[in-house]
Amino acid sequence: MNKSEAQKEARNQTAQDAELEAALGYTFRDKSLLARALTHSSLAYEQTALAAAKATAKSAEARARRSPLEDNEQLEFLGDAVLGLIVAEALYRAHPEMSEGQLTRLRSALVSRKHMGQVAHRLHLGTYLRMGRGEERSGGRKKPALLANAAEALIAAVYLDAAGSTGPCETALTAARAIIERHVIEPSLPSLLQEASRGTGIGDHKSALQEFLQSEHRGQPEYVVTGQSGPDHHKRFLVEVRLPGKAGASGTALARGIGGTKKHAEQEAARRALRKLQAAPRATRKAEKAPREPQEPA
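Each residue of the sequence shown is one higher than the last, beginning at 1 in full-length UniProt numbering.
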C-alpha cells in the first residue's frame, strides 16, 4: 500500500469511526480503544504472522520484542463484567417488587449472547469490525457470537475511555450506564416484562414453574415423555409434567405438552401447568387430577 492509499484508508476509517460514535451516542477521546474493540483476533493473528514472515533471522530479537496487534478479547472480558453489574443495578432499582429469581431471569435475558448479538445488529457493528481474511470469507461479520463479543468489548472501551488515566470512577460507570441503558435495556425490557407478567418466565416456562412450586414447598417437577409420533424428520413428542410422589409411587400429573422436540414439549407442559396452578384456589392446588389434554400422539 502506497502513501496515498494509506491516507485514503485512514480517512475512510475516521469517517466510519465517527459514524459508529454517532449511532452509539459516545465520542471517544482515545480512538485506539475504539479500534481495539472492533478488532477481531483473526486480524491480529494474521498481521502478526505476516510481520513474522517478513522478518529475517537476524531480527529475531526485535521480533520477540514486538507486541502483536491488540484484539478485543480482553475488552470483551471486562465488558461482560461491566454489563452484568449495570444491568443488575438497573433492574434492582427499577423493580424492587420482583423476587430474586425474577430479577435473575431478566438479567440473564438481557446479557445473553443472543440478545447482545441483537444489540450489535441494531448498531450495525458487523459493518465496522476489523477481521482477518479467513474470518471475512467465513461470514464473520454476521456471526451472532462474534457480534455479541464485539458489543461487550465496545462497552468496556467506553468504560475505559471515560475513566481516562485516573482509573475506574463514577464518570466511567455513568458513561457505560448511559450506553447500556440506551442500547441494551430500553429496547428490550418492556417486552421481557410483558412476558414475565403473563407468567412465562422470560420464555423459560420450566424455570417459572419450578419457582412457583418451590414457593409453595411442593418439590421439584418431573418431566416424562409419554408418547411420540411422526417420521424422523417431523417427530412430535408428548411430555407430562408431574409432582414427585412418595417412595415407590408415581407422581401427580399436572399437565401435558406437545412439541417438535422434547425440550419444546417440556416447555409447553410447564406453561400449561403453571397457568393451571395459578388459576386454581390455593386450597385446591394439592388435589390436582391427571390432565386430559392434549391427548397422546397417534
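Here a beta-carbon is modelled for each residue, glycine too, at the ideal position from N, C-alpha and C.
The structure presented is a predicted model; accordingly, all values stated were derived computationally and were not measured.
Whole alpha helix (DSSP H) elements within the UniProt domain "RNase III" (17-163), 4-residue minimum: You should have 31-37, 41-54, 60-65, 73-94, 100-111, 113-122, 125-128, 133-137 and 144-163.
Measuring only the C-alpha atoms, how far is Arg275 from Arg122? The straight-line gap from Cα to Cα measures roughly 34 Å.
Taking 8 Å as the threshold (beta carbon to beta carbon), is Gln220 in contact with chain C? Here chain C cannot be found, since the structure has a single protein chain.
Taking a contact to mean a Cβ-Cβ separation below 8 Å, would you say His183 touches Val119 in this structure? Yes, Cβ-Cβ distance for His183 and Val119 is below 8 Å.
Does DSSP put Glu222 in a helix, in a strand, or in coil? Three-state result, Glu222: strand.
In or out: Pro221 buried (at least 16 other Cβ within 10 Å) or exposed? Pro221 should be labelled buried.
By DSSP, does Glu186 sit in helix, in strand, or in coil? In the structure shown, Glu186 adopts coil according to DSSP, grouped into three states.
Same chain, Cβ closer than 8 Å to Asn12, neighbours up to 5 away in sequence not counted: Here the set comprises nothing.
Euclidean distance between Cα positions of Asn268 and Thr14: The sequence as given places Glu at residue 268; Asn does not occur at that position. Roughly 51 Å separates the two Cα atoms.
Quick one: Cα of Met98 to Cα of Val224, how far? Met98 and Val224: Cα-Cα distance of roughly 31 Å.
Taking Arg105 as the reference, give the member of Gln74, Arg29 and Leu91 with the closest Cα. The shortest Cα separation from Arg105 among Gln74, Arg29 and Leu91 belongs to Leu91.
Terminal residues of the alpha helix (DSSP H) in which Thr174 lies: First-last of the alpha helix (DSSP H) with Thr174: Glu170 to Ile180.
Please go through the same chain and pick out, in chain order, the residues whose beta-carbon is closer than 7 Å to the beta-carbon of Pro231, but skip the five residues on each side of it. If we look at Pro231 and ignore the five residues flanking it on each side, it has no Cβ neighbours.
Give me, in chain order, the residues of the same chain whose beta-carbon lies closer than 7 Å to that of Glu135; leave out the 5 immediate sequence neighbours on both sides. Once the five neighbours on either side are set aside, the close Cβ partners of Glu135 are His40 and Ser42.
C-beta atoms of Tyr159 and Ala176 nearer than 8 Å: Yes, these two residues count as a Cβ contact at 8 Å.
Where Thr261 falls: helix, strand or coil (DSSP): In the structure shown, Thr261 sits in coil (DSSP, three-state: anything other than H, G, I, E or B).
Do Arg130 and Leu38 come within 8 Å of each other at the CB atom, strictly closer than that value? Going by C-beta atoms, Leu38 is nearer than 8 Å to Arg130.
In the DSSP assignment, find the beta strand (DSSP E) that holds Glu240 and state where it starts and stops. Boundaries of the beta strand (DSSP E) around Glu240: Arg236 to Leu243.
Straight-line CA distance for Gln102 to Ser165? When rounded, the distance between both Cα atoms is 38 Å.
Near Glu211, what residues of its chain come up, given a Cβ to Cβ distance below 6 Å and the 5 sequence neighbours on each side ignored? Close CB contacts of Glu211 within its chain, under the 6 Å cut and outside five residues either way in sequence, are with Gly101 (chain order).
Use the C-beta contact count for Gly117: other C-beta atoms within 10 angstroms, 16 or more gives buried, fewer gives exposed. Label assigned to Gly117: buried.
Answer with buried or exposed for Lys206, where buried requires no fewer than 16 other C-beta atoms within 10 angstroms of its C-beta. Flag for Lys206 reads buried.
6 Å Cβ shell around Glu70 - same chain, five flanking residues per side excluded: Spatial neighbours of Glu70 in its own chain (CB-CB distance under 6 Å, excluding positions within 5 residues in sequence) are listed in chain order as Arg36.
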